[in-house]
Each structure stands twice: as C-alpha cells, then as structure tokens.
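Protein chains in written order, with the working numbering: chain A, 1 to 113; chain B, 1 to 112.
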C-alpha cells in the first residue's frame with residue numbers, strides 16, 4: 001500500500017530557532033499534501049493544504065509566515081516552523097492524497113524549550 | 001456550519017462487550033467518510049472508509065461502520081472489544097474530494 005514517510009519523528013529545539021519537517025510519499029505521486037497539528041488530548045486540526053508547484057492554502061488563524069510550507073515535487077512537502085516558541089510544541093502530521101486515498105505520515109513530536 | 005461531530009468524548013466498555021462509537025456530519029452532500037484509530041504518541045491507522053455503495057462497511061480488526069444518509073451518521077461498531085482496542089478513535093470526512101476534517105475524537109477505555 002501507499003506509504004508516507006515523515007521525518008524527523010521527534011525533535012527538540014531551542015526557542016527562537018527554526019525546524020524543518022519533511023513528508024515524502026514513497027511509492028506514489030501526491031498532487032496534494034496536508035499538514036495537521038495535534039495538541040495533547042485533542043483532535044487533528046488542519047493547518048494548510050499544499051499543491052505541488054503552487055503556494056499553500058492556510059487555514060484561518062494559521063500564520064503563513066511562521067509555518068512555511070514548500071511542495072516542490074510530487075513526492076515531497078516540507079513544513080518549517082520558524083522562530084519556534086514553546087507554544088508551538090505539538091504533534092505535527094502530514095497526509096498525502098492520491099485520488100480519493102489519504103495516507104498519513106507517522107507524525108513529528110516537536111518540543112520547543 | 002459544516003462539521004463532523006463525535007458526541008462521546010470518552011467511552012468505557014468491558015472486554016468482550018460490544019462497542020458503538022457515534023459520528024455525525026453536517027455537509028450539503030454526502031462526503032467521503034473515514035474512521036481512524038490512534039494509540040498514544042502514534043500516528044493514525046485507517047480502520048475503514050466509505051465512498052459509495054453498500055452502506056455497511058467492513059474494516060480491519062473486526063470493525064464495521066454503517067452509513068445512514070437519513071441520519072447523516074457513520075457509526076463505528078465492533079461486536080466484541082479486546083483490551084488492545086483501547087485507543088483514541090477519530091471520525092473524518094472529506095467533502096467533495098477536498099481536505100480531510102476530523103471529529104474531536106472518542107477515547108475508548110476497555111475494562112478487564
């Protein structure tokens with residue numbers, strides 16, 4: 001079946017630094033990828049939708065200058081958390097769509113100290 | 001407003017008992033419907049999905065779900081729960097092949 005690889009699985013960074021999270025579709029081409037954030041004991045909240053070769057569409061309340069999304073190829077999307085702060089600590093999950101199938105990465109636990 | 005609702009935040013059942021987790025959606029047209037399970041600190045595992053056709057959908061791990069258009073519901077069921085089923089369960093919808101939206105989740109506790 002379809003596999004989405006997400007790296008790193010966990011990362012600890014200092015406040016004020018930037019962190020990049022990668023999401024790769026390993027055996028299929030994903031025209032659309034999605035980025036979600038999940039705070040402890042809460043649901044997944046959609047942050048943004050990215051289409052290959054175009055700018056990402058951000059959900060209301062998500063700062064596009066803080067959460068930079070790049071979808072440079074049909075198999076790779078990256079999320080960069082810029083100038084991270086402790087309140088950005090969360091579980092970030094990507095999803096890649098192929099037709100009507102949605103495949104999720106295993107998630108990235110970000111802790112900002 | 002368009003939404004997906006899981007009315008039960010937390011459910012506790014005894015091992016071997018039957019289970020039903022509720023999911024209701026509010027969209028103009030019937031969206032694609034999904035159920036996922038998530039163990040603590042882990043990613044999502046797809047249990048089953050419904051696009052069209054037979055309204056009773058069979059999934060993995062002995063789960064099934066029934067789509068009821070008249071009730072805008074897609075409830076998840078399992079006839080006999082195992083201790084390993086304890087986890088967080090999310091109902092998700094995709095309206096008109098758009099992005100996927102999740103319900104708030106239902107935490108399942110299984111008593112021995």
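C-beta atoms are modelled at their ideal positions from N, C-alpha and C, and glycine is treated no differently.
Any chain B beta carbon closer than 8 Å to residue i
i: residue 93 of chain A; result: yes
i: residue 58 of chain A; result: no
i: residue 104 of chain A; result: yes
i: residue 16 of chain A; result: no
Burial state of residue i, where buried means 16 or more other Cβ atoms lie within 10 Å
i: residue 83 of chain B; result: exposed
i: residue 37 of chain B; result: buried
i: residue 50 of chain A; result: buried
i: residue 71 of chain A; result: buried
i: residue 49 of chain B; result: buried
i: residue 43 of chain A; result: buried
i: residue 38 of chain A; result: buried
i: residue 35 of chain B; result: buried
i: residue 60 of chain A; result: exposed
i: residue 54 of chain B; result: exposed
i: residue 53 of chain A; result: exposed
i: residue 109 of chain B; result: exposed
i: residue 77 of chain A; result: buried
i: residue 85 of chain B; result: buried
Same chain, Cβ closer than 6 Å to residue i, five either side skipped, listed in chain order
i: residue 21 of chain B; result: 76, 89 and 106
i: residue 7 of chain A; result: 22
i: residue 19 of chain B; result: 13, 78 and 81
i: residue 103 of chain A; result: 2, 4 and 96
Segment limits, beta strand (DSSP E) that includes residue i
i: residue 22 of chain A; result: 19–25
i: residue 145 of chain A; result: Coverage of chain A is limited to positions 1 through 113, which leaves residue 145 of chain A absent and any answer about it impossible.
i: residue 82 of chain B; result: Premise fails: residue 82 of chain B is in no beta strand (DSSP E) and is neither H nor E.
i: residue 27 of chain B; result: Taken as a continuous stretch (DSSP letters only), residue 27 of chain B belongs to no beta strand (DSSP E), as it is neither H nor E.
i: residue 66 of chain B; result: 64–68
i: residue 39 of chain A; result: Element bounds for residue 39 of chain A: n/a, residue is neither H nor E.
i: residue 20 of chain B; result: 19–21
Close-in-space but distant-in-sequence residues of the same chain around residue i (CB under 7 Å, 5 per side omitted)
i: residue 14 of chain A; result: 113
i: residue 88 of chain A; result: 81, 110 and 112
i: residue 51 of chain B; result: 32
i: residue 5 of chain A; result: 24, 26 and 105
i: residue 11 of chain A; result: 19, 108 and 110
Chain A contact for residue i (CB, 8 Å cutoff)
i: residue 50 of chain B; result: no
i: residue 85 of chain B; result: no
i: residue 102 of chain B; result: yes
i: residue 54 of chain B; result: no
i: residue 27 of chain B; result: no
i: residue 44 of chain B; result: yes
i: residue 89 of chain B; result: no
Straight-line gap, residue i to residue j (C-alpha atoms, nearest Å)
i: residue 28 of chain B; j: residue 99 of chain A; result: 21 Å
i: residue 90 of chain A; j: residue 47 of chain B; result: 24 Å
i: residue 28 of chain A; j: residue 2 of chain A; result: 7 Å
i: residue 34 of chain A; j: residue 70 of chain B; result: 31 Å
i: residue 58 of chain B; j: residue 103 of chain B; result: 20 Å
i: residue 9 of chain A; j: residue 23 of chain B; result: 30 Å
i: residue 41 of chain B; j: residue 8 of chain B; result: 21 Å
i: residue 74 of chain A; j: residue 60 of chain B; result: 29 Å
Any chain D beta carbon closer than 8 Å to residue i
i: residue 8 of chain B; result: No chain D is present in this structure, whose protein chains are A and B.
Beta-carbon proximity list for residue i, same chain, < 8 Å, skipping 5 on both sides
i: residue 26 of chain B; result: 1, 2, 3, 4, 5 and 72
i: residue 11 of chain B; result: 19, 21, 106, 107, 108 and 109
i: residue 85 of chain A; result: 15, 16 and 112
i: residue 111 of chain B; result: 12, 13, 14 and 15
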